[in-house]
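*Asks:* Provided herewith is a single structure, encoded as structure tokens, for subsequent inquiry.
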Amino acid sequence: MSSALHTSAAVDVARAALETDEGAAVGAHVASVAEDDFSVAHYFEADLPAYRGWQWCAVVAASPGGEVTVSETALLPGPDALTPPAWVPWDQRVRAGDLAPGDVLPPAHGDPRLEPGYMLSGDPEQDAVAGEIGVNLERVMTRLGRTEAAGRWLESEFGPEAEMARSTRFHCGDCAFYLPLAGVLRAAFGVCGNEFAADGRVVHAHYGCGAHSSATGSSGSGSPAYPPYDDGEVENVEIPAALEAAGGV
Ligand code: SF4
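Positions 50 to 298 (the working numbering) are the ones given, in order, by the sequence shown.
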């Protein structure tokens, strides 16, 4: 590392280059950052309208024992600079939840989540069987597509690690309200059919909630925190009129 690149003389060379090349006022020296053994970037404050937090930068270099020269100058965002969000390509800007009524969103060409399905053979019996097992479609989901969907559902609020699932000993897998999916996803996922629980949502077999079909205790008309009031255990007694009049009760 050439020590000449960190001296005040090197800073002056960097400042002069910025004032000449950029034609702008250069503020106080902010930092020096070694780029490699033979170059150092010097940063200066840049008091420019609309560039809050940006800094002027000049990279100086020197061969061992040689003269300090300027490699390049630039205006760069500093650590507190106001910068735009990272560029997102147009074809990646549609996100889950963006689809609105009337929108058309065809799958991308070569979408890896889809593959050709079974083509009708013309044999009525064979095609009928294909229809029954659900493969008579133009396209079906690939293994990748199913795996990605399963991953999202596993991590969702209806997965086995959800707070609701960890707060109960019941599991969907043995609940009467659990409607298993068809196909390979049947092994781990189903739809809840309980309107008081995760009704209509895909739930993992190890998700669970207190509305499980085998749950016992309060049905909702009482509080789980207190025993129900049983008026059959209350005894009605007559209060003598004289005692009542004397304020004895
Ligand atoms: S009622 Fe609860 S335990 Fe039963 S399927 Fe629905 S979410 Fe799962």
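Positions of the beta carbon are idealized from the N, C-alpha and C atoms, including for glycine.
Tell me the DSSP bridge mates of Q104?
*Replies:* E94, L125
*Asks:* Could you check if H261 belongs to the surroundings of ligand 1, using beta carbon to heavy atom distance under 6 Å?
*Replies:* H261: yes, Cβ under 6 Å from ligand 1.
*Asks:* Do the stretch 223 to 237 and the stretch 194 to 204 touch if we need at least three Cβ pairs shorter than 8 Å?
*Replies:* yes
*Asks:* When you compare only the Cα positions, how much space is there between A110 and L163?
*Replies:* 55 Å
*Asks:* For V62, which residues of its own chain have a beta-carbon under 7 Å away from its beta-carbon, when the five flanking residues on both sides are left out?
*Replies:* V109, V117, V119
*Asks:* On a CA-only basis, which of F238, Q141, V82 is nearest L54? Give me that one, please.
*Replies:* V82
*Asks:* My assumption, with CB atoms under 8 Å, is that Y92 sits in contact with V79. Please give the rounded CB distance.
*Replies:* 4 Å
*Asks:* In chain order, what residues of the same chain lie with their CB nearer than 6 Å to the CB of A101, ignoring the 5 residues before and after it?
*Replies:* In the sequence on display, residue 101 carries Arg and not Ala. Cβ within range, chain order: L131.
*Asks:* Flag Y92 as yes when its Cβ comes closer than 6 Å to any non-hydrogen atom of ligand 1, and as no otherwise.
*Replies:* no
*Asks:* Contact defined as beta carbons within less than 8 Å: I believe H253 pairs with G208. What is the distance between those atoms, to the nearest angstrom?
*Replies:* Yes, they are in contact, since the Cβ atoms of H253 and G208 sit about 5 Å apart, within 8 Å.
*Asks:* By Cβ distance below 7 Å, which residues in the same chain neighbour E94 in space, the five residues on each side in sequence not counted?
*Replies:* Excluding positions up to five away in sequence, the list reads G76, A77, V79, Q104.
*Asks:* So, with DSSP's three-state summary, where would you put V60?
*Replies:* It is helical.
*Asks:* DSSP three-state label for R192, please.
*Replies:* helix
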